[in-house]
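> The structure under discussion is supplied below as structure tokens; questions concerning it will follow.
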Amino acid sequence: MSKKKVAIVATGGTIAGTGQTGKTVSYQAGRVGMEEIVASIPLIEEIAQLEMHQLFNLDSNEMDEAHWLELAGCINTLTRREDIDGIVVTHGTDTLEETAYFLNLVVHTQKPIVITGAMRPATATSADGPFNLYQAVCLAVDKRAVGQGVMGLFSNTIYAGRDIQKINNYKIDAFDQRSLGCLGYMQDDKVYFYSKTFKTHTFHSVFSWQLPDSLPKVGIAYFYAGASADILDDLARNHEGIVIIGSGSGNYSTRWLDKIEALANQGILFVRASRVNEGIVFEDRIFDPQGICIPANTLSGPKARVLLMLALTLTRDPQKIREIFDQY
Ligand code: ASP
1 MSKKKVAIVA TGGTIAGTGQ TGKTVSYQAG RVGMEEIVAS IPLIEEIAQL
51 EMHQLFNLDS NEMDEAHWLE LAGCINTLTR REDIDGIVVT HGTDTLEETA
101 YFLNLVVHTQ KPIVITGAMR PATATSADGP FNLYQAVCLA VDKRAVGQGV
151 MGLFSNTIYA GRDIQKINNY KIDAFDQRSL GCLGYMQDDK VYFYSKTFKT
201 HTFHSVFSWQ LPDSLPKVGI AYFYAGASAD ILDDLARNHE GIVIIGSGSG
251 NYSTRWLDKI EALANQGILF VRASRVNEGI VFEDRIFDPQ GICIPANTLS
301 GPKARVLLML ALTLTRDPQK IREIFDQY
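Position 154, counted from 1, in the sequence shown is what full-length UniProt numbering calls 154; the numbers after and before it change by one each time, with no gaps.
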């Protein structure tokens with residue numbers, strides 16, 4: 001049987017970073033081409049035929065909405081090709097979770113899309129990038145990965161694109177899916193799936209029918225004890241929506257509550273997430289009597305921002321946006 005074909009779309013990050021040979025710190029992300037890294041991985045050519053696309057070579061903190069749209073467009077073009085069976089995206093770890101969720105919502109395909117990166121630069125002793133990339137390619141050709149949406153692959157673990165989150169800024173096992181566990185594990189090239197997501201993604205997602213040309217501006221306001229509500233006025237000047245990263249179950253002071261009500265009456269859309277990593281933000285009619293702030297459920301603030309931006313490309317009706325937050 002002929003080998004499957006995987007397109008590797010490289011965007012930069014530490015996986016392509018270089019620094020002092022052998023050292024893991026003080027390096028620059030996005031320096032090496034992906035061809036060079038692939039060439040260093042034993043056995044990868046036995047798994048799949050590879051086609052390389054060096055789309056960007058950036059530290060992922062430089063990624064923005066325009067890069068997401070370009071990346072999604074590139075993946076949509078590649079997945080429409082009959083000869084491509086799966087896609088691997090290499091990415092910096094800092095904002096990987098936002099890109100993963102964005103792609104999970106806008107890419108229109110059943111073909112596996114796997115996003116991966118590294119915590120150690122390519123020049124470090126025991127760099128983790130080559131192993132993650134090897135496993136990402138193995139996952140992208142696995143037939144059980146078809147229709148699972150965008151998946152993150154890190155340190156032997158398979159995560160859902162909706163839920164993957166960086167939880168450690170130092171160790172190589174840097175990702176998790178909050179209390180939702182993971183989709184499965186890998187051992188070298190072997191894939192072990194245990195669960196799947198119930199949330200709508202990729203080919204079922206309404207956002208995948210037509211990629212927008214640009215995204216509406218949505219900002220994030222972080223609440224802390226004593227926080228002034230001026231930040232909300234500042235953001236409202238040039239944003240259509242604001243995600244509040246509240247305390248506890250997405251909470252904030254009455255000062256913020258009053259300001260949110262006033263700005264919502266002027267047409268700003270609000271979503272409440274939480275600065276607490278685990279748990280869920282529900283509807284709360286005692287705390288938010290008029291139901292002005294749409295609860296983010298289990299989405300982190302940055303992921304809620306991604307969904308609110310996409311929701312605003314379709315509607316400004318708070319009730320419809322609330323339903324979108326329940327579904328995705
Ligand atoms: N700053 C890097 C990036 O996100 C970190 C990494 O890739 O681990 O591009």
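All C-beta atoms, glycine included, are put in the ideal place defined by N, C-alpha and C.
Can you give me the Cβ contacts of Asp59 inside the same chain, cut-off strictly under 6 Å, excluding the 5 residues immediately before and after it?
Position 59 of the sequence shown holds residue 59. The answer, listed in chain order, is Ala29, Gly30, Gly92.
> Going by DSSP, what residue range makes up the alpha helix (DSSP H) through Thr99?
As a first step, residue 99 is located in the sequence shown; it is residue number 99 there, counting from the start. It spans 96-106 - the alpha helix (DSSP H) in which Thr99 sits, taken as one unbroken run.
> Using DSSP's beta-bridge definition, name the partner residues of Asp176.
In the sequence shown, the residue the question calls residue 176 occupies position 176. Paired residues: Gln165.
> Leu314: buried (16+ other C-beta within 10 angstroms of its C-beta) or exposed?
Sequence index remark: in the sequence shown, residue 314 carries index 314 (1-based). Leu314 is exposed by the Cβ-count criterion.
> Ignore the nearest five residues each way along the sequence and tell me which others in Phe102's own chain have a CB closer than 6 Å to its CB.
Reading the sequence shown from its first residue, position 102 is the one you call residue 102. Here the set comprises Trp68, Val306.
> According to DSSP, Ser40 sits in a beta bridge with which residue or residues?
In the sequence shown, the residue the question calls residue 40 occupies position 40. Its beta-bridge partners do not exist; DSSP assigns none.
> Would you kindly check if the distance between the Cβ of Ala273 and the Cβ of Gly250 is under 9 Å?
One-based indexing of the sequence shown puts residue 250 at position 250. One-based indexing of the sequence shown puts residue 273 at position 273. Yes, these two residues count as a Cβ contact at 9 Å.
> If we ignore side chains and look at the alpha-carbon of each, how far apart do Glu46 and Asp288 end up?
Taking the sequence shown and counting its residues from 1, one reaches residue 46 at position 46. Taking the sequence shown and counting its residues from 1, one reaches residue 288 at position 288. Cα to Cα, the separation comes out at about 57 Å.
> Can you give me the C-alpha to C-alpha distance between Gly161 and Lys196, rounded to a whole angstrom?
Here residue 161 refers to the residue found at position 161 when the sequence shown is read from its first residue. Here residue 196 refers to the residue found at position 196 when the sequence shown is read from its first residue. Going from the Cα of Gly161 to the Cα of Lys196 covers about 11 Å.
> Please report the straight-line C-alpha distance between Val25 and Asn168, rounded to a whole angstrom.
Taking the sequence shown and counting its residues from 1, one reaches residue 25 at position 25. Taking the sequence shown and counting its residues from 1, one reaches residue 168 at position 168. Using only the alpha carbons, I get a separation of about 15 Å.
> Determine the direct distance from the alpha carbon of Thr18 to that of Thr123, and round the result to whole angstroms.
If you number the sequence shown from 1, residue 123 lands on position 123. If you number the sequence shown from 1, residue 18 lands on position 18. Distance between the alpha carbons of Thr123 and Thr18: 5 Å.
> Measure from the alpha carbon of Ser300 to the alpha carbon of each residue in Glu323, Tyr328, Lys320, then state which is nearest.
Taking the first residue of the sequence shown as position 1, residue 300 is located at position 300. Checked all of Glu323, Tyr328, Lys320; the closest Cα to Ser300 is Tyr328.
> Quick one: is the Cβ of Ser60 within less than 8 Å of any heavy atom of the ligand ASP?
As a working note, residue 60 is residue 60 in the sequence shown. Yes, the ligand ASP has a heavy atom inside 8 Å of this Cβ.
> At the level of alpha carbons, what is the spacing between Val243 and Leu257?
Taking the first residue of the sequence shown as 1, we reach residue 243 at position 243. Taking the first residue of the sequence shown as 1, we reach residue 257 at position 257. Whole-angstrom Cα-Cα distance: 13 Å.
> Decide if the region 124-138 is in contact with the region 32-44; the criterion is three or more beta carbon pairs, one per stretch, under 8 Å apart.
Result yes; three or more Cβ-Cβ pairs closer than 8 Å.
> Out of curiosity, what's the CA-to-CA distance linking Ala262 and Ile268?
Along the sequence shown, read from residue 1 onward, the residue named residue 262 stands at position 262. Along the sequence shown, read from residue 1 onward, the residue named residue 268 stands at position 268. Rounded to whole angstroms, Ala262 to Ile268 spans 9 Å at the Cα level.
> Regarding Thr116 and the ligand ASP, is the C-beta to nearest heavy atom distance less than 8 Å?
Counting from one through the sequence shown, the residue named residue 116 turns up at place 116. It does not: the Cβ of Thr116 is nowhere closer than 8 Å to a heavy atom of the ligand ASP.
> Return helix, strand or coil for Asn57, following the three-state DSSP convention.
As a first step, residue 57 is located in the sequence shown; it is residue number 57 there, counting from the start. Asn57 falls in the strand class under three-state DSSP.
> Restricting to Cα atoms, I'd like to know which of Ser214, Ala296, Gly248, Gly117 is closest to Val276.
Along the sequence shown, one-based indexing puts residue 276 at 276. The shortest Cα separation from Val276 among Ser214, Ala296, Gly248, Gly117 belongs to Gly248.
> Assess contact between the region 219-238 and the region 185-194, defined as three or more Cβ pairs (one per stretch) separated by less than 8 Å. Is contact present?
Verdict: no, contact absent.
> Kindly list the residues whose CB is nearer than 7 Å to the CB of Ala229, restricted to its own chain and excluding five residues on each side of it in sequence; keep chain order.
Residue mapping note: residue 229 aligns to position 229 of the sequence shown, counting from 1. Correct list, in chain order: Arg255, Trp256, Lys259.
> For Asp233, which of Asp317, Pro212, Phe270 has the nearest alpha-carbon?
In the sequence shown, counting from the first residue as 1, residue 233 sits at position 233. Out of Asp317, Pro212, Phe270, Phe270 has the C-alpha closest to the C-alpha of Asp233.
> Which class does Glu82 belong to by DSSP, given the choice of helix, strand or coil?
Counted from its first residue, the sequence shown places residue 82 at position 82. Three-state result, Glu82: coil.
> Drop a sphere of 10 angstroms on the beta-carbon of Ser2, count the other beta-carbons inside from all chains shown, and report buried for 16 or more, exposed for fewer.
Here residue 2 is taken as the residue at index 2 of the sequence shown, counted from 1. Exposed.
> Assign Met63 to buried or exposed, taking buried as 16 or more other Cβ atoms, counted over all protein chains shown, within 10 Å of its Cβ.
The residue you call residue 63 lines up with position 63 of the sequence shown. The residue is buried, with at least 16 neighbouring Cβ atoms inside 10 Å.
> Could you tell me how far apart the beta carbons of Val97 and Ile164 are, in whole angstroms, since I believe they sit closer than 8 Å?
Walking along the sequence shown from the start, residue 97 turns up at place 97. Walking along the sequence shown from the start, residue 164 turns up at place 164. For the record, residue 97 in the displayed sequence is Glu; it is not Val. About 5 Å separates the two Cβ atoms, so the contact holds.
> For Phe293, does the three-state DSSP call read helix, strand or coil?
Position 293 of the sequence shown holds residue 293. Rather than Phe, the amino acid found at residue 293 in this sequence is Cys. Of the three classes helix, strand and coil, the one that applies to Cys293 here is strand, per DSSP.
> Relative to the ligand ASP, is the shortest distance from any of its heavy atoms to the C-beta of Asp189 smaller than 8 Å?
The residue you call residue 189 lines up with position 189 of the sequence shown. Every heavy atom of the ligand ASP is 8 Å or more from the Cβ of Asp189, so no.
> If I follow the unbroken alpha helix (DSSP H) through Gly301, where does it start and stop?
One-based indexing of the sequence shown puts residue 301 at position 301. Counting along the chain, the alpha helix (DSSP H) containing Gly301 begins and ends at 301-312.
> Hey, could you find the ends of the beta strand (DSSP E) Ile244 is sitting in?
In the sequence shown, counting from the first residue as 1, residue 244 sits at position 244. Segment 241-246, the beta strand (DSSP E) holding Ile244.
> Buried or exposed: where does Ser205 fall if 16 or more other Cβ atoms within 10 Å of its Cβ makes it buried?
In the sequence shown, the residue the question calls residue 205 occupies position 205. Buried, since its Cβ has 16 or more Cβ neighbours within 10 Å.
> Over the uninterrupted beta strand (DSSP E) stretch that includes Thr157, give me the two end residues.
As a position in the sequence shown, residue 157 is number 157, starting the count at 1. Where Thr157 is concerned, the enclosing beta strand (DSSP E) stretches over 157-160.
> Is the distance from the Cβ of Ile115 to the Cβ of Ala127 below 9 Å?
The residue labelled residue 115 in the question sits at position 115 within the sequence shown. The residue labelled residue 127 in the question sits at position 127 within the sequence shown. No, these two residues do not count as a Cβ contact at 9 Å.
> Determine the direct distance from the alpha carbon of Lys166 to that of Ser179, and round the result to whole angstroms.
Taking the first residue of the sequence shown as position 1, residue 179 is located at position 179. Taking the first residue of the sequence shown as position 1, residue 166 is located at position 166. Near 13 Å, if we compare the C-alpha coordinates of Lys166 and Ser179.
> Could you pull the DSSP bridge partners for Asn251 from this structure?
Looking up residue 251 in the sequence shown gives position 251. Its beta-bridge partners are Ser247.
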